[in-house]
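Visitor:
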Amino acid sequence: MTKFTDLGLAEELLRAVREKGYEVPTPVQADAIPIVLSGRDLLAGAQTGTGKTAGFVLPILQILMPQASTSASPARHPVRCLILTPTRELCMQVEESVRMYGKYVPIRSTTVFGGVNINPQIKELRRGVEMLVATPGRLLDHVGQKTVDLSTVEILVLDEADRMLDMGFINDIRKIISLLPKKRQNLLFSATYTDEIRKLAGTILTDPAFVQVAARNTAAELVRQVVHPVDRERKRELLSHIIKAKNLDQVLVFTRTKHGASRLAQQLDRDGIDSAAIHGDKSQPQRIKALQDFKDGAIRVLVATDIAARGLDIDSLPHVVNYELPHVPEDYVHRIGRTGRAGSEGEALSLVCVDEHKLLKEIEKVLRRPIEKELVHGFAPDPNIAPEPITQGRSGAGGGSRGPRSPRPGGGGRPAQKGHPHNRPSQRGK
Ligand code: AMP
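If you count the sequence shown from 1, you need to add 229 to reach this note's numbering.
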């Protein structure tokens, strides 16, 4: 088994890794780190939860280290690495990783994302940063205001590239790339291989190396999955019951709609379970506060939509609840990927009503096995209730999720049915 010390990383980086408590590199780290260090372009099929962030942050820090300067002069801190992410949450988390892994290295980093005041970002950029983590739209705002110079970038990372395409960022990405030096190293991370990703990779990467890993906690491993059959109108009651009976802390609950997320959080609050919702309509400060409260244990339940949950970095989340099954089986895999991260076990509970049997079948097809069903005493479904179509409202949300899933934010407006599971890279045979 590969050790961190085998990877050619400097002691300053190994020390930060040790302090983080990591014992061995994850597969994507073991594969990607030497490739990135060699200076090659990389196409990596890896989703959140695989340890991909350290897989690119560590070798990039190593590459930048020899020329890192302790001088205060901004001119000595040009932007040398640009990391593009689809969402502000991921942007913040990646930069947090840069700071963490780079704590013994004099390399500066900052974030640039929308939805917040631009001025503090301008101030940071003026100081000079070697590693810039950005969402595409706000980065282009800075370009327009000439508050960032991208002509010195040596390494470009596209993180969760498939999500960026889903969110309609392709033109922004192309614009940004046109501002970078032609000669540079490119790393592209994507959970799925759609034709669009292949096309993008073809235009951006030169002679890339490939790395493919399945999530460490693919459905089959680590995560205990259970379906609790229940009537659609009794889901909220059952959820409160389970949380109280099992005395669960730190539960991430998924709903299909933003509205459903907000309402459920309020209802749980009323049931005496401290909860908050996190979704696209929440302001940035609200999201940050909800996530922080959740991490600190100030709230027990975070109710999220699939989009908002993407990229949330919460270590070893013990419990995920599918309050409603997602329309796309792939989202189920993403959701349960939030638990049992990096080696610890997790539990994924799905509250499934009669309307969702078809969705459940599709998920089980992707998992290639049935999920264990467990009736909760007192909540057995009434066999006389007939299924209702989910797209016409009501299903699963206890009478409220209206219409099909809303389009992704950030332009494009395409529904989320992209990125089908058959596009998922296969598990590396290791
Ligand atoms: P990522 O896929 O980059 O979002 O990382 C998923 C989680 O795994 C994060 O919470 C990391 O802190 C954690 N992690 C990353 N690398 C390792 C490792 N080598 N050993 C244990 N945990 C890790």
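A virtual CB, placed ideally from N, CA and C, is assigned to each residue, including glycine.
For the region 230-246 against the region 412-422, are there 3 or more C-beta pairs whose distance is under 8 angstroms?
Guide: In short, these stretches do not touch, since the Cβ pair count stays below three.
Visitor: Strictly by DSSP, which residues pair up with G575?
Guide: For G575, which the question treats as bridged, DSSP gives the partners V452.
Visitor: Relative to the ligand AMP, is the shortest distance from any of its heavy atoms to the C-beta of A283 smaller than 7 angstroms?
Guide: Yes; taking the cut-off as 7 angstroms, the Cβ of A283 has a heavy atom of the ligand AMP nearer than that.
Visitor: To the nearest whole angstrom, what separates the beta carbons of E454 and I600, a pair I think is in contact under 8 angstroms?
Guide: Correcting the residue type first, residue 454 is Gln in the shown sequence and not Glu. The pair is a contact, with the Cβ atoms about 5 angstroms apart (cut-off 8 angstroms).
Visitor: Which complete alpha helix (DSSP H) runs does the region 291-352 hold, if anything under 4 residues is left out?
Guide: Fully enclosed alpha helix (DSSP H) runs of 4 or longer: 317-330.
Visitor: Any contact of the region 296-304 with the region 254-273, i.e. 3+ C-beta pairs under 8 angstroms?
Guide: Counting Cβ pairs under 8 angstroms, fewer than three are found: no touch.
Visitor: If you reduce the DSSP assignment to three classes, tell me which class H548 lands in.
Guide: Three-state result, H548: strand.
Visitor: For L369, which residues in the same chain have their Cβ closer than 8 angstroms to its Cβ, ignoring the five residues on either side in sequence?
Guide: Within the same chain, L369 has close Cβ partners D401, K404 and I405.
Visitor: Please confirm whether P616 and V583 have their CB atoms less than 8 angstroms apart.
Guide: Yes, they are a contact pair.
Visitor: So P610 and D460 are in contact, right, with Cβ under 8 angstroms, and what is the actual spacing, rounded?
Guide: With 8 angstroms as the limit, P610 and D460 qualify as a contact, their Cβ atoms being about 5 angstroms apart.
Visitor: Examine the ligand AMP and report whether any of its heavy atoms sits within less than 7 angstroms of the Cβ of T340.
Guide: Flag unset: Cβ of T340 not near the ligand AMP.
Visitor: Report yes or no: do three or more beta-carbon pairs, one from the region 302-314 and one from the region 351-362, lie closer than 8 angstroms?
Guide: In short, these stretches touch, since the Cβ pair count reaches three.
Visitor: Indicate the three-state DSSP secondary structure (helix, strand or coil) for G274 in the structure shown.
Guide: Strand, per DSSP.
Visitor: Using only the heavy atoms of the ligand AMP, determine whether one of them is closer than 7 angstroms to the beta carbon of P254.
Guide: Yes.
Visitor: Going by alpha carbons, who is nearest to L313 out of I336, G343, P303 and Q441?
Guide: Out of I336, G343, P303 and Q441, G343 has the C-alpha closest to the C-alpha of L313.
Visitor: Terminal residues of the continuous beta strand (DSSP E) containing M360?
Guide: M360 to A363 is the span of the beta strand (DSSP E), which, as asked, contains M360.
Visitor: Can Q258 be considered in contact with the ligand AMP, in the sense that its beta carbon sits closer than 7 angstroms to one or more heavy atoms?
Guide: Yes.
Visitor: So for S635, helix, strand or coil by DSSP?
Guide: Note that S635 scores a pLDDT of 35, beneath 50, so its modelled location is shaky and nothing firm can be said.
Visitor: For the region 452-500, which segments carrying the alpha helix (DSSP H) assignment without a break, of at least 4 residues, lie completely within its bounds, in sequence order?
Guide: Here the runs fully enclosed are 464-474 and 487-499.
Visitor: Taking C-alpha atoms, which residue in I592, L271, I347 and P263 lies nearest to R427?
Guide: For R427, the nearest C-alpha among the options comes from L271.
Visitor: If I follow the unbroken alpha helix (DSSP H) through S504, where does it start and stop?
Guide: Where S504 is concerned, there is no enclosing alpha helix (DSSP H), although the beta strand (DSSP E) it sits in stretches over S504 to I507.
Visitor: Using CA coordinates, which residue listed in L238, P288 and V452 is at the minimum distance from V386?
Guide: When only C-alpha atoms are compared, the closest one is P288.
Visitor: Using only the alpha-carbon positions, how far apart do F233 and V253 sit?
Guide: Each residue's Cα considered, the two are about 6 angstroms apart.
Visitor: Please state the DSSP three-state secondary structure of Q414.
Guide: If DSSP states are grouped into helix, strand and coil, Q414 belongs with the strands.
Visitor: For L477, collect the residues of the same chain with a Cβ closer than 6 angstroms to its Cβ; drop the 5 residues on either side in sequence, then sort them by chain order.
Guide: Excluding sequence neighbours, L477 sits near H548.
Visitor: Sorry if obvious, but does the Cβ on V274 come closer than 7 angstroms to a heavy atom of the ligand AMP?
Guide: For clarity, residue 274 is Gly in the given sequence; the question names Val instead. For the ligand AMP, not one heavy atom lies less than 7 angstroms from the Cβ of G274.
Visitor: Buried or exposed for P555, going by 16 or more other Cβ atoms inside 10 Å?
Guide: It is buried - the Cβ of P555 has at least 16 other Cβ atoms within 10 Å.
Visitor: So, helix, strand or coil for T432, using DSSP?
Guide: T432: helix per DSSP, three-state reduction.
Visitor: In or out: I614 buried (at least 16 other Cβ within 10 Å) or exposed?
Guide: So I614 ends up on the exposed side.
Visitor: Which residues in the same chain have their Cβ closer than 8 angstroms to the Cβ of H586, if we skip the five residues on either side of it in sequence?
Guide: Counting only Cβ-Cβ distances below 8 angstroms, and skipping sequence neighbours, we find P616.
Visitor: DSSP three-state label for L408, please.
Guide: L408: coil per DSSP, three-state reduction.
Visitor: Going by CA-CA distance only, name the one from V362, L580 and R597 that's closest to L604.
Guide: Nearest option by C-alpha distance: L580.
Visitor: Closer than 7 angstroms to a non-hydrogen atom of the ligand AMP - does that hold for the CB of Y251?
Guide: Flag set: Cβ of Y251 near the ligand AMP.
Visitor: Only counting the same chain, and skipping five residues up and downstream in sequence, which positions put a Cβ closer than 6 angstroms to that of R419?
Guide: The question names Arg, but residue 419 is Ser in the sequence shown. Contacts found: A390, D391 and I426.
Visitor: If you check the beta carbons only, do R539 and L319 fall under 8 angstroms apart?
Guide: Yes. Within cutoff.
Visitor: Does the beta-carbon of G397, which I'm using as the reference point, lie nearer than 7 angstroms to any heavy atom of the ligand AMP?
Guide: No.
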